[in-house]
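Here the protein sequences come in this chain order: Y and B.
According to our numbering, the first sequence is numbered sequentially starting from 1.
According to our numbering, the second sequence is numbered sequentially starting from 1.
C-beta atoms are modelled at their ideal positions from N, C-alpha and C, and glycine is treated no differently.
See structure below.
Protein chains: 2
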Amino acid sequence: MTGCNLETIRYYENIGVMPEPPRSSKNYRVYDDSHVTRLRFIMRSRELGFTLEEVRDLLALVDGGAQTCGEVQVLANTHLTSVRTKIADLKRIEHVLSSTVAQCTGDDVPECPVIDALTEVA
Amino acid sequence: MTGCNLETIRYYENIGVMPEPPRSSKNYRVYDDSHVTRLRFIMRSRELGFTLEEVRDLLALVDGGAQTCGEVQVLANTHLTSVRTKIADLKRIEHVLSSTVAQCTGDDVPECPVIDALTEVA
DNA sequence: CCTTGAGCCTGTACCAACTACAGACACTAG
DNA sequence: CTAGTGTCTGTAGTTGGTACAGGCTCAAGG
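Spelled out as structure tokens, the structure:
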């Protein structure tokens, strides 16, 4: 249906981002469209890297029914900033790693620029 | 000395990437240069995003004293690939987020492109 | 000499965001 | 009727640490 692991949904119920659904006579969870919609919202948020705490904030706004574009924009911009920071961090790492690995001979010798870089006293 | 939290060093000892150092008469840990060197190696590896499991592998090679540039290069390249994958993932996220947020009016209105994107049925 | 504050010691619990069981019941196909 | 799969509950494990609690030790100041 949503491709979401059932145990993950249960987890979302536990932490309160998904409501507890009604149960069948045999105690099985019975979901309706509103659950599916909400779960998709959470999944899409997670795909975009929002933490569950941020998702909780977004949902609180939407649940209130009185969210404003301005409020949502603030949350999204905060998240966007953290994403950009992560990209910058990873790019630095990528640069160091790739330029170091490029100096490797790849041979059967103990001398290795990668080890040197990691051992570096500086 | 290394700027590393003492509790982190203890954690490294527990998981076996740092050796248990000798103790003083009062049971205090006594570190020497070899510990400092090893800790710096771990810290630099972590800064470059290697997991502790990967650090363990690197250290196993170095500890054997018989590491070859080729072996190290394989580990480094594997890690480099995962770094590049993460960058690509985050760039996609950054693109979606920034182009969506750019459509926000930021006003006191409930309509919001970010919410629309998260609710999207497609 | 005594106190006070800091440092270290051990062990355990906590964080995110799930995943992976164990043990019990339910349901479906052959 | 039985085998295999699904769900149910609750708990423990994952990664890379951080944050105590409760106890010792040590150095400085009065």
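**Request:** Anything in chain B within Cβ reach of Arg46(Y), meaning under 9 Å, just list it in chain order.
**Result:** Translated into the one-based positions of the first sequence, residue 46(Y) becomes position 46. The contacting residues do not exist; Arg46(Y) stays about 10 Å from chain B at best.
**Message:** Using 8 Å for Cβ pairs, my map puts Leu48(B) next to Val96(Y). What's the rounded Cβ distance?
**Reply:** Taking the second sequence and counting its residues from 1, the one referred to as residue 48(B) is at position 48. Taking the first sequence and counting its residues from 1, the one referred to as residue 96(Y) is at position 96. Yes, Leu48(B) and Val96(Y) are in contact; Cβ-Cβ is about 6 Å, under 8 Å.
**Request:** Leaving out five residues on either side along the sequence, give the residues of the same chain with a beta carbon under 7 Å from the beta carbon of Ile9(B).
**Result:** Position 9 of the second sequence, counted from the start, is the residue given in the question as residue 9(B). Result list for Ile9(B): Met18, Leu39, in chain order.
**Message:** Give me the residue from Asp63(Y), Asp33(Y), Lys26(Y) with the minimum Cα distance to Met1(Y).
**Reply:** The residue you call residue 1(Y) lines up with position 1 of the first sequence. Ranking Asp63(Y), Asp33(Y), Lys26(Y) by Cα distance to Met1(Y) puts Asp33(Y) first.
**Prompt:** Is Glu71(Y) closer than 8 Å to Leu80(Y) when the C-beta atoms are compared?
**Reply:** As a position in the first sequence, residue 80(Y) is number 80, starting the count at 1. As a position in the first sequence, residue 71(Y) is number 71, starting the count at 1. No.
**Asked** Mind checking if Arg56(B) is an interface residue toward chain Y, Cβ cutoff 8 Å exclusive?
**Response** Looking up residue 56(B) in the second sequence gives position 56. No, no contact with chain Y.
**Item:** Whole runs of the alpha helix (DSSP H) within the segment 6-40 of chain B, excluding any shorter than 4 residues
**Value:** 6-14
**Request:** Would you give the residue range spanned by the alpha helix (DSSP H) that Ala66(Y) belongs to?
**Result:** Taking the first sequence and counting its residues from 1, the one referred to as residue 66(Y) is at position 66. Careful: Ala66(Y) lies outside any alpha helix (DSSP H) and carries neither H nor E.
**Request:** Since I believe Thr100(B) is in contact with Pro110(B) (beta carbons under 8 Å), could you give me their beta-carbon distance rounded to a whole number of angstroms?
**Result:** One-based indexing of the second sequence puts residue 110(B) at position 110. One-based indexing of the second sequence puts residue 100(B) at position 100. In fact, because the Cβ distance is near 16 Å, the residues do not count as touching under 8 Å.
**Under the three-state DSSP convention, the category Gly49(Y) falls into** = If you number the first sequence from 1, residue 49(Y) lands on position 49. Residue state, collapsed to three classes: coil.
**Prompt:** Is the shortest distance between the beta-carbon of Cys4(B) and the beta-carbons of chain Y less than 8 Å?
**Reply:** The residue labelled residue 4(B) in the question sits at position 4 within the second sequence. With 8 Å as the cut-off, Cys4(B) does not count as an interface residue toward chain Y.
**Request:** Would you decide whether Tyr11(B) is buried or exposed? Buried here means 16 or more other CB atoms lie within 10 Å of its CB.
**Result:** Here residue 11(B) refers to the residue found at position 11 when the second sequence is read from its first residue. It counts as exposed.
**Request:** Name the residue from Leu90(B), Ser98(B), Val74(B), Arg92(B) whose alpha carbon lies nearest to the alpha carbon of Ala102(Y).
**Result:** Locating residue 102(Y) in the first sequence gives position 102, counting from the first residue. Among Leu90(B), Ser98(B), Val74(B), Arg92(B), the Cα nearest to that of Ala102(Y) belongs to Val74(B).
**Prompt:** Between the C-alpha atoms of Gly64(Y) and Asp57(Y), what's the straight-line distance to the nearest angstrom?
**Reply:** Locating residue 64(Y) in the first sequence gives position 64, counting from the first residue. Locating residue 57(Y) in the first sequence gives position 57, counting from the first residue. If I take the Cα positions, the gap works out to 11 Å.
**Request:** Using a Cβ-Cβ cut-off of less than 9 Å, give me the residues of the segment 65-83 of chain B that come near chain Y, in sequence order.
**Result:** Gly65, Ala66, Gln67, Thr68, Cys69, Gly70, Glu71, Val72, Gln73, Val74, Leu75, Ala76, Asn77, His79, Leu80, Val83
**Item:** chain Y contacts from the segment 93-105 of chain B (Cβ-Cβ distance under 8 Å)
**Value:** For the segment 93-105 of chain B, which is checked against every Cβ of chain Y, the residues closer than 8 Å are Ile93, Glu94, Val96, Leu97, Ser98, Thr100, Val101, Cys104, Thr105.
**Span of the alpha helix (DSSP H), counted from its first residue to its last, around Ala117(B)** = Here residue 117(B) refers to the residue found at position 117 of the second sequence. Residues 113-119.
**Request:** Consider the Cβ of Asp107(Y): report whether some Cβ of chain B lies at a distance smaller than 8 Å.
**Result:** Within the first sequence, numbered from 1, the residue matching residue 107(Y) stands at position 107. For Asp107(Y), the nearest CB of chain B lies under 8 Å from its own CB, placing it at the interface with that chain.
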